[in-house]
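Everything below concerns the one structure shown next.
There are 2 protein chains.
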Amino acid sequence: MTKSLLDARVAAIRRFNRFYTKQIGALQEGLLDSEFSLAEARVLYELAHADGDSTATGIGTTLGLDAGYLSRLLRSFEERRLMQRRPSSADGRRSNLTLTRKGRNAFTRLDASARAQVATWLEGHPPADQRALVTAMESIEQVLASPESRRGDVELRAPRPGDMGWVIQRHGELYAEEYGWSEHFEALVAQIIAQFMHEHDPARERCWIASLNGTRVGSIFLVKHTDTVARLRLLLVEPSARGMGVGRTLVDACLQFARDAGYERMTLWTNAVLNAARAIYVSRGFRLVREEAHTHFGSEQLGQDWELEL
Amino acid sequence: MTKSLLDARVAAIRRFNRFYTKQIGALQEGLLDSEFSLAEARVLYELAHADGDSTATGIGTTLGLDAGYLSRLLRSFEERRLMQRRPSSADGRRSNLTLTRKGRNAFTRLDASARAQVATWLEGHPPADQRALVTAMESIEQVLASPESRRGDVELRAPRPGDMGWVIQRHGELYAEEYGWSEHFEALVAQIIAQFMHEHDPARERCWIASLNGTRVGSIFLVKHTDTVARLRLLLVEPSARGMGVGRTLVDACLQFARDAGYERMTLWTNAVLNAARAIYVSRGFRLVREEAHTHFGSEQLGQDWELEL
DNA sequence: ATGAATTAGTTGACTTTGTCAACCAATTCG
DNA sequence: CGAATTGGTTGACAAAGTCAACTAATTCAT
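Here the protein sequences line up with chains H and E, keeping their order. So the first sequence is numbered by my numbering: it starts at 1 and just counts up by one. So the second sequence is numbered by my numbering: it starts at 1 and just counts up by one.
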């Protein structure tokens with residue numbers, strides 16, 4: 001990556017941090033007239049959401065609080081009869097922390113008022129902004145969350161409004177960005193999809209959209225080539241979701257469906273530069289049957305026909 | 001809006017706030033081994049970026065700091081020879097604050113190390129994630145920034161890779177969401193666009209994409225109906241950009257182009273529910289020439305043909 | 001099995017950060 | 001002109017956070 005691009009991103013992130021520091025400050029003013037400080041409210045939240053099996057150290061590390069500070073904070077909770085400690089049976093040093101009924105009530109009240117405050121604030125923005133906001137926040141969380149926790153399950157589903165356009169859009173953008181392909185490629189994709197939407201036999205032709213945590217991350221189409229030969233088209237996996245087996249899942253869904261629909265063979269056309277896709281085809285038993293150079297998408301490409309007996 | 005939708009959004013925002021509170025905490029640990037506290041660093045930033053004409057109260061309100069706290073903080077800056085006060089000529093109560101050379105140097109060092117820290121952190125994420133992150137952050141800022149500051153200029157441009165897919169996608173999503181139209185509408189849009197991409201005469205047919213701060217916010221197409229009659233199609237304005245004259249700008253570009261291209265008349269087909277679009281057509285002199293009910297998109301609609309002598 | 005190292009948690013001493021009310025002096029408003 | 005407001009300072013104080021030293025239970029290495 002170029003230095004200037006990284007610099008620009010760093011600047012954008014620092015700007016956002018400054019901006020959101022103020023934002024969070026504004027939203028947390030509601031705590032001022034509650035009986036809890038910000039740190040207390042955060043701890044209370046953790047206690048309420050891991051009820052029974054939270055320990056002081058656990059809370060300390062998740063919230064990044066100093067052990068000493070937390071210790072005093074917890075003692076004050078105990079003195080206010082909001083929380084109880086039970087010595088851990090497994091480890092004599094540890095205590096298990098549970099909210100008392102009073103503590104749970106206090107949390108419920110606090111939570112409700114915080115929710116109401118955010119709701120009021122949110123209602124001051126037009127619905128379209130609200131949606132944009134939530135989408136953007138979710139995408140930030142997803143990117144920054146640890147790789148383990150972001151491995152939500154990839155789900156395959158039937159297309160919904162906007163999905164077909166998305167497939168065209170992402171094909172156009174990604175192949176232009178990664179391989180420099182011209183607008184003729186996007187035009188070809190649009191042509192294929194318009195044709196598919198206009199008329200397809202749902203019993204023998206189908207499209208799947210892969211989604212991860214509600215975000216579109218991939219697509220694949222199976223269409224009829226002849227009565228006995230199925231054709232796989234438009235396999236796409238978002239860069240952000242690569243290496244998670246999305247492509248394999250999509251191809252396997254196609255194979256399964258093609259077998260069930262009574263096809264005897266599957267064929268597909270791809271290009272030699274697409275290494276990741278080829279690896280999947282090879283692993284599923286496809287064989288390369290023909291290669292032909294072409295320049296349909298603005299540069300010299302090696303088109304390939306692959307086939308598989310079902 | 002339904003209650004549950006608002007609730008879900010509120011929950012998402014609160015989750016993000018908790019999440020990002022930790023994130024910011026982690027990123028600010030770099031300050032620990034500098035000579036400045038977080039509050040000091042923020043004030044220093046403000047001083048460096050409004051050099052000469054910043055006042056104590058101004059900084060206090062932008063950063064949300066208590067006047068008393070800030071007063072002491074500024075005195076400590078003065079004692080450390082980082083900053084100077086000059087009494088304001090306009091207002092005897094005020095002082096204008098300027099960083100000394102030493103102060104500017106200190107800021108430069110601090111800024112460089114903060115930037116390096118963010119860069120290191122950012123480089124731990126794949127480029128696709130970085131891009132997603134920056135995009136999402138910019139979109140949050142844009143939504144939450146004051147309405148004045150977000151009125152960047154709307155620009156019209158020729159389509160680029162992904163744009164055509166985007167037009168299809170947003171038509172499909174928006175009309176499904178706002179009017180409950182079926183997938184047949186997206187199919188129609190895909191058909192029109194596939195046709196346009198496959199073959200159009202750039203001298204007499206054209207597409208414009210409206211963009212605001214680099215984000216796509218609208219589209220319009222002008223195609224040949226007959227040699228003397230132009231047809232306007234696929235006028236779309238993102239909800240987030242409505243009320244900013246995007247639609248008018250797009251229609252006017254079409255009218256201008258059609259006149260220059262030698263057309264004598266312009267026609268368009270729309271539906272009665274689309275009030276905002278109709279207002280634009282009326283204001284530009286279009287006349288309603290025919291209405292016809294249809295159910296192409298899943299519900300009873302009143303299709304309308306409009307015309308304008310150029 | 002045992003001594004060393006680590007971990008969970010506490011405590012005292014301390015700094016930083018932030019709040020509140022009272023106050024002064026210059027400015028603006030009616 | 002006097003009252004209200006604004007920019008800024010100060011004292012007193014509370015909240016938030018840091019650091020090092022400590023105890024007791026547990027784990028690890030040999």
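All C-beta atoms in this analysis are idealised placements derived from N, C-alpha and C, irrespective of residue type, glycine included.
task: Check the Cβ of Gly165(H) against every Cβ in chain E and list those closer than 8 Å, keeping chain order.
output: Contact annotation for Gly165(H) against chain E: Gly165, Trp166, Val167, Ile168, Gln169, Arg170, His171, Gly172, Glu173, Glu186, Val189, Ala190 [CB-CB distance below 8 Å, chain order].
- prompt: Does the beta-carbon distance from Ser54(H) to Leu47(H) come in below 7 Å?
  reply: Yes, they are a contact pair.
query: In chain order, which alpha helix (DSSP H) runs of at least 4 residues are fully inside the region 142-228 of chain E?
result: Complete alpha helix (DSSP H) runs here, min 4: 147-150, 163-179, 183-198.
- prompt: Are the C-beta atoms of Glu141(E) and some chain H residue less than 7 Å apart?
  reply: Yes, its Cβ sits closer than 7 Å to a Cβ of chain H.
- prompt: Ser76(E) by DSSP, collapsed to three states: which one?
  reply: Three-state DSSP puts Ser76(E) in a helix.
- prompt: Is Thr55(H) helix, strand or coil when you go by DSSP?
  reply: In the three-state reduction of the DSSP assignment, Thr55(H) falls in the coil class.
Listed by chain order, chain H residues near Gln23(E) by CB distance under 8 Å: Going along chain H in sequence order, the residues near Gln23(E) (Cβ under 8 Å) are Leu144.
- prompt: Can the beta-carbon of Val223(E) be found less than 7 Å from the beta-carbon of Ala241(E)?
  reply: Contact flag unset, no.
- prompt: If you follow the alpha helix (DSSP H) that Ser283(H) is part of, which residue opens it and which one closes it?
  reply: First-last of the alpha helix (DSSP H) with Ser283(H): 275-283.
Cross-strand partners of His49(H) (DSSP beta bridge): Under DSSP, His49(H) forms no beta bridge with any residue.
Same chain, Cβ closer than 6 Å to Phe77(H), neighbours up to 5 away in sequence not counted: Excluding residues up to 5 positions away in sequence, Met83 lie with their Cβ nearer than 6 Å to the Cβ of Phe77(H) in the same chain.
message: Between Glu300(E), Leu268(E), Val229(E), which has its C-alpha nearest Ala258(E)'s C-alpha?
response: Comparing Cα-Cα distances from Ala258(E) to each of Glu300(E), Leu268(E), Val229(E), the minimum goes to Val229(E).
- prompt: By Cβ distance, which residues of its chain are closer than 8 Å to Val225(E), with the 5 residues on each side in sequence left out?
  reply: Checking the sequence, you will find His at residue 225(E) rather than Val. Closer than 8 Å at Cβ, skipping near neighbours: Arg231, Thr267.
Terminal residues of the alpha helix (DSSP H) in which Gln256(H) lies: From DSSP, the alpha helix (DSSP H) with Gln256(H) extends over 246-260.
message: So, under 8 Å CB-CB, Thr210(E) and Thr249(E) are touching, yes? Tell me the CB distance rounded to an integer number of Å.
response: With the sequence shown as reference, residue 210(E) is identified as Ala, and Thr is not the correct amino acid for it. Confirmed, Cβ separation roughly 7 Å.
- prompt: To which residues of the same chain is Leu302(H) closer than 7 Å at the C-beta, ignoring the five residues directly before and after it?
  reply: Answer for Leu302(H): Asn271, Ala272, Glu291, Ala293, listed in chain order.
Alpha-carbon to alpha-carbon, Ala132(E) and Ser95(E): Answer to the nearest angstrom: the Cα atoms are 43 Å apart.
field: Interfacial residues, the region 228-246 of chain E to chain H, with Cβ spacing under 7 Å
entry: From the region 228-246 of chain E, only Pro239, Ser240 have a Cβ closer than 7 Å to chain H.
task: Name, in chain order, the residues that DSSP records as bridge partners for Glu309(E).
output: DSSP, once it has assigned bridges, lists Arg265(E) as partnering Glu309(E).
query: Hey, how far is the Cα of Arg15(H) from the Cα of Phe107(H)?
result: If I take the Cα positions, the gap works out to 33 Å.
query: Between Gly60(H) and Ala67(H), is the Cβ-Cβ spacing less than 7 Å?
result: Contact flag set, yes.
- prompt: Given Val237(E), which residues of its chain have a CB within under 8 Å of its CB, disregarding the five upstream and five downstream residues?
  reply: Excluding residues up to 5 positions away in sequence, Ala210, Val217, Gly218, Val246, Gly247, Leu250, Ala276 lie with their Cβ nearer than 8 Å to the Cβ of Val237(E) in the same chain.
message: Using a Cβ-Cβ distance cut-off of 7 Å, determine whether Val129(E) contacts chain H.
response: Here the sequence assigns Asp to residue 129(E), which means Val is not the residue at that position. Judged by the 7 Å Cβ criterion, Asp129(E) is in contact with chain H.
query: Is Arg242(E) helix, strand or coil by DSSP?
result: Of the three classes helix, strand and coil, the one that applies to Arg242(E) here is coil, per DSSP.
field: Contact with chain H by Gly303(E), beta-carbon distance below 7 Å
entry: False, the Cβ-Cβ gap to chain H never drops below 7 Å.
query: Between which two residues does the beta strand (DSSP E) containing Ala114(H) stretch?
result: Note, Ala114(H): premise wrong, no beta strand (DSSP E); alpha helix (DSSP H) at 101-123.
- request: Could you name the residues of the same chain whose beta carbon sits closer than 6 Å to that of Leu156(H), not counting the 5 residues immediately before and after it, in chain order?
  value: Non-local C-beta neighbours of Leu156(H) in its own chain, meaning closer than 6 Å and more than five positions away in sequence, comprise Trp208, Ala210, Ala253, ordered along the chain.
- request: Put Arg85(E) into one of helix, strand or coil per three-state DSSP.
  value: Three-state DSSP puts Arg85(E) in a strand.
query: chain H partners of Leu122(E), CB-CB under 8 Å?
result: Neighbours of Leu122(E) in chain H, taken as residues at a C-beta separation under 8 Å, are given in chain order as Leu6, Arg9, Val10, Ile13.
message: For Leu308(H), tell me which candidate among Ser34(H), Glu300(H), Asp111(H), Leu288(H) has the shortest Cα-Cα distance.
response: Checking every option, the nearest Cα to that of Leu308(H) belongs to Leu288(H).
message: Counting only beta-carbon separations shorter than 7 Å, does Ile209(E) have a partner in chain H?
response: Proximity of Ile209(E) to chain H, defined by a Cβ-Cβ separation below 7 Å, is not satisfied.
- prompt: Which residues in chain E sit within 9 Å of His125(H), going by Cβ to Cβ distance?
  reply: In chain order: Val143, Leu144.
task: Give the residues of chain H in contact with Val118(E), contact being defined as C-beta atoms less than 7 Å apart.
output: The answer, in chain order, is Val10, Ile13, Arg14.
message: Which same chain residues end up closer than 8 Å to Ala203(E) when comparing Cβ atoms and leaving out the 5 residues on each side of it in sequence?
response: Closer than 8 Å at the Cβ level, and outside the excluded window around Ala203(E), lie Ala261.
query: At which residues does the alpha helix (DSSP H) containing Pro26(H) begin and terminate?
result: Looking at the sequence itself, residue 26(H) is Ala, so the reference to Pro does not match. Start and end: 3-27.
- prompt: Got a sec? Which residues, its chain only, sit under 7 Å from Asp305(E) by beta carbon, not counting five neighbours each side?
  reply: Only Thr267, Trp269, Val289, Arg290 meet the Cβ criterion.
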